[in-house]
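Peer 1: My questions all concern the structure below.
Residue numbers (the numbering used here): 164 to 604.
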């Protein structure tokens, strides 16, 4: 009897994994399961699984096992020094990025689920996992001793572009959160929302102030630290400016729900980017962490004692991954048509239930038009893979011997520019309705 009851579910799972059926078939018991949402979640899980493998490659125990057994290095015909530790991170993340780049090219121009390529987008998950991990494995067969250097430069460019997308998501989240809480307070006189607004706003500003002081004291005081000092002071002034702009009368007139909660979120991210940037400063007098980076080195078994592998996993990398994960999940479950990102990519969220699957609540909501741009979605995940690559390697530059990582001034400027772009993007969302009153934002 149990087998009979399980048969439909097993058939649906098989259709989802091995066939062209949409992943929503596997979620027929879930309320409101749409192809557009479940598919994005599945791709997010794919990227998270690749990220997990990259993190595992940084664990000293895993590295030691690979060096001792040599099965990976010998089978792939590559020097172990170029296949484990942070070198493995480059290869794993490059493989994931390549997979999403191929999917981006394949899905270019898909406008509805009537397109035959839509079945590839929403199904065949087993084969897509197989393809992604196959590409990742292929990178380990590249024996080039200088592979890390070009991947680093590609990763820096891709990570910078992903930060810009991440900024859009964060600004969208800040506006959405503030408008939701204010609407609930005004409509329902919710004391919980009122208290939440007060605590989050003033607590957030206090936290930003403490964080800015910490960054200034630890990374902007010392000989030759004029530039870091300038960065911290300027970004604090920028945070104050966007806060004042958010509650200015001209903004309140066109955006009455604009308040201090949005600039709290944006200011926190700006201070974080400033801290992350100064952690990459190669000047040891300004950045004490350069000389004290937590690293786990394991011997390669060669006569050269310098042949060791660095495992950089500082706190700011973990925070970056947490922010990345939140943005990834937010991008996967948020209705594309309601986000700034969706307006940029031309997403068209259709919320009409078009097809009931075996009495469940899973349906194809893209027969009349895709809910999000398939191609841009994969482009974003390709950039997200490169962002993970740079985050796990701390945006550092590999030495010529490919055994260690060095601080990288280029990453400092990328993150500082990102913080300025974040402030500019948020400011634009405030002043655009004033400059263009006839347009809808």
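Cβ coordinates follow ideal geometry from the N, Cα and C atoms, glycine included.
#1: So the candidates are 334, 275 and 314; which of them puts its Cα closest to the Cα of residue 432?
#2: Taking the alpha helix (DSSP H) that residue 225 belongs to, which residues open and close that run?
#3: Quick one, are the C-beta atoms of residue 348 and residue 332 less than 8 Å apart?
#4: For the region 332-400, list the alpha helix (DSSP H) runs that are entirely contained and at least 4 residues long, ordered along the chain.
#5: Who are the Cβ neighbours of residue 443 in its own chain at under 6 Å, not counting the five residues just before and after it?
#6: Given that a residue counts as buried once 16 or more other Cβ atoms are within 10 Å of its Cβ, and exposed if not, what is residue 597?
#7: Determine the extent of the alpha helix (DSSP H) in which residue 554 is found, giving its start and end residues.
#8: So residue 270 is in the alpha helix (DSSP H); what residue range does that whole segment cover?
#9: So the alpha helix (DSSP H) residue 452 belongs to, where does it begin and stop?
#10: Would you mind reading off the limits of the alpha helix (DSSP H) that contains residue 585?
#11: Give every residue of the same chain whose Cβ lies closer than 6 Å to the Cβ of residue 254, excluding the five residues on either side of it in the sequence, and list them in chain order.
#12: Pick helix, strand or coil for residue 484, following the three-state DSSP scheme.
#13: Can you tell me whether residue 606 is helix, strand or coil according to DSSP?
#14: Between residue 548 and residue 210, what straight-line distance do the alpha-carbon atoms span, to the nearest angstrom?
#15: Please classify residue 410 as buried or exposed, where buried requires at least 16 neighbouring CB atoms within 10 angstroms.
#16: Only counting the same chain, and skipping five residues up and downstream in sequence, which positions put a Cβ closer than 7 Å to that of residue 263?
#17: Buried or exposed: where does residue 228 fall if 16 or more other Cβ atoms within 10 Å of its Cβ makes it buried?
#18: Specify the secondary structure class of residue 288 as computed by DSSP and reduced to three states.
#19: Within a Cβ cutoff of 8 Å, which residues of the same chain sit near residue 300, ignoring the five residues on either side of it in sequence?
#20: Let me check understanding here. Comparing Cα to Cα, which of 601, 602, 273 and 591 lies closest to residue 330?
#21: Skipping 5 residues on each side, what residues in its chain have a beta carbon closer than 6 Å to that of residue 588?
#22: In angstroms with no decimal places, state the Cα-to-Cα distance between residue 403 and residue 365.
Peer 2: Taking the coordinates as given:
#1: Within the chain shown, the letter at position 269 stands for residue 432. Cα-wise, what sits closest to residue 432 is 334.
#2: Mapped onto the chain shown, residue 225 falls at position 62. First-last of the alpha helix (DSSP H) with residue 225: 223-232.
#3: Residue mapping note: residue 348 aligns to position 185 of the chain shown, counting from 1. Residue mapping note: residue 332 aligns to position 169 of the chain shown, counting from 1. The answer is no: Cβ separation not under 8 Å.
#4: Listed in chain order, the complete alpha helix (DSSP H) runs (minimum 4 residues) inside the region 332-400 are 354-382.
#5: Numbered from 1 along the chain shown, position 280 holds the residue referred to as residue 443. Only 558, 570, 571, 574 and 575 meet the Cβ criterion.
#6: What you label residue 597 is simply residue 434 of the chain shown in a count that begins at 1. The residue is exposed, with fewer than 16 neighbouring Cβ atoms inside 10 Å.
#7: Numbered from 1 along the chain shown, position 391 holds the residue referred to as residue 554. Segment 537-555, the alpha helix (DSSP H) holding residue 554.
#8: Within the chain shown, residue 270 is the residue found at index 107, counting from 1. No alpha helix (DSSP H) contains residue 270, which DSSP labels as neither H nor E.
#9: The count along the chain shown starts at 1 and reaches residue 452 at position 289. Where residue 452 is concerned, there is no enclosing alpha helix (DSSP H), given that its DSSP letter is neither H nor E.
#10: Position 422 of the chain shown, counted from the start, is the residue given in the question as residue 585. Membership of residue 585 in the alpha helix (DSSP H) is indicated by the continuous run 572-598.
#11: Along the chain shown, one-based indexing puts residue 254 at 91. Counting only Cβ-Cβ distances below 6 Å, and skipping sequence neighbours, we find 302 and 303.
#12: Within the chain shown, the letter at position 321 stands for residue 484. Here residue 484 sits in helix by DSSP.
#13: Not covered by the structure: residue 606. The range shown for the chain is 164 to 604.
#14: Stepping through the chain shown from its first residue, residue 548 is reached at position 385. Stepping through the chain shown from its first residue, residue 210 is reached at position 47. Their backbone Cα atoms lie some 7 Å apart in a straight line.
#15: Translated into the one-based positions of the chain shown, residue 410 becomes position 247. Classification of residue 410: exposed, given that the 10 Å Cβ count is below 16.
#16: The residue you call residue 263 lines up with position 100 of the chain shown. If we look at residue 263 and ignore the five residues flanking it on each side, its Cβ neighbours are 541, 544, 545 and 548.
#17: Residue 228 sits at position 65 when you count from the first residue of the chain shown. By the 16-neighbour rule on beta-carbons within 10 angstroms, residue 228 is exposed.
#18: Residue mapping note: residue 288 aligns to position 125 of the chain shown, counting from 1. Reduced to three states, the DSSP call for residue 288 is helix.
#19: Locating residue 300 in the chain shown gives position 137, counting from the first residue. Correct list, in chain order: 258.
#20: Along the chain shown, read from residue 1 onward, the residue named residue 330 stands at position 167. Here the closest residue by C-alpha is 591.
#21: If you number the chain shown from 1, residue 588 lands on position 425. Once the five neighbours on either side are set aside, the close Cβ partners of residue 588 are 330 and 334.
#22: Counted from its first residue, the chain shown places residue 403 at position 240. Counted from its first residue, the chain shown places residue 365 at position 202. Taking the straight line joining both Cα atoms gives about 14 Å.
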